[in-house]
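Presented below is the structure to which this report refers.
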Amino acid sequence: MMARKFAIFVHADKGQLARIVHGFWYADQLKERDYPVEIIFDGAGTQGLASLLEPGHKYGELVSKALQSGVLKGACPYCARAFQVTEALSQAKIPLIDDRSGHPDLSRWVDEGYDIITL
């Protein structure tokens, strides 16, 4: 049986902090149990991610921890431009995933056998 893998797509904007934070927490829980897991920020989620990068943000460490562990796969460049957060994401060295006309391609993760979680 193939080991399960998880891709967490976060679409929550900065007004939905609980969803954003839980995306990171869920990833940590899965990683602690040795499941492969990746977090991808798409749509308004790019804005939500950028909000955590603001100096002194209560949950800013979640981003740096996820980047260091490789769990934070990246963000949508098209959506980052639309929400005017490209510069903030670039400064934080968050990869931009341009698989399909400026967006991450969900089918890539499906093809690789990932279970998809959306927040």
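Just add 25 to the spot in the sequence shown (first one is 1) and you have our numbering.
Beta carbons are placed, not taken as given, at the ideal position from N, Cα and C, and that holds for glycine.
Owing to the predicted nature of the structure, the values given are computational and were not obtained by experimental measurement.
task = Measure the C-alpha to C-alpha separation of residue 72 and residue 50 and round it to an integer number of angstroms.
result = Distance between the alpha carbons of residue 72 and residue 50 is about 19 Å.
ask   = How big is the Cα-Cα spacing for residue 84 and residue 100?
value = Cα atoms of residue 84 and residue 100: separation of roughly 18 Å, rounded to the nearest angstrom.
task = For residue 52, I'd like the list of residues in its chain whose CB is within less than 7 Å of its CB, leaving aside the five on either flank, ordered along the chain.
result = Non-local beta-carbon contacts of residue 52 in its own chain, meaning distances under 7 Å to residues more than five positions away in sequence, involve 33, 62, 64, 91 and 96 in chain order.
request  = Could you have a look at residue 121 and say whether DSSP puts it in helix, strand or coil?
outcome  = Residue state, collapsed to three classes: strand.
request  = Go ahead and label residue 113 buried or exposed: buried means 16 or more other beta carbons lie within 10 angstroms of its beta carbon, across all protein chains shown.
outcome  = Buried is the label assigned to residue 113, since at least 16 other Cβ atoms lie within 10 Å of its Cβ.
Close beta carbons around residue 56, own chain, < 8 Å, minus the five adjacent residues each side = A distance below 8 Å between beta-carbons, with the five flanking residues on each side excluded, links residue 56 to the following residues of its chain, in chain order: 62, 94 and 96.
message = Suppose you measure from the CA of residue 31 to the CA of residue 98; what does that come to, to the nearest Å?
response = In this model, residue 31 and residue 98 are separated by some 12 Å (Cα to Cα).
message = Does residue 129 pass the burial test, meaning 16 or more other C-beta atoms within 10 Å, or should it be called exposed?
response = Label assigned to residue 129: buried.
query = Any idea if residue 48 is buried or exposed, counting beta-carbon neighbours within 10 angstroms, 16 or more meaning buried?
reply = Buried, by the Cβ-count rule.
Beta-carbon separation (whole angstroms), residue 29 vs residue 136, contact threshold 8 Å = That pair is no contact at about 15 Å.
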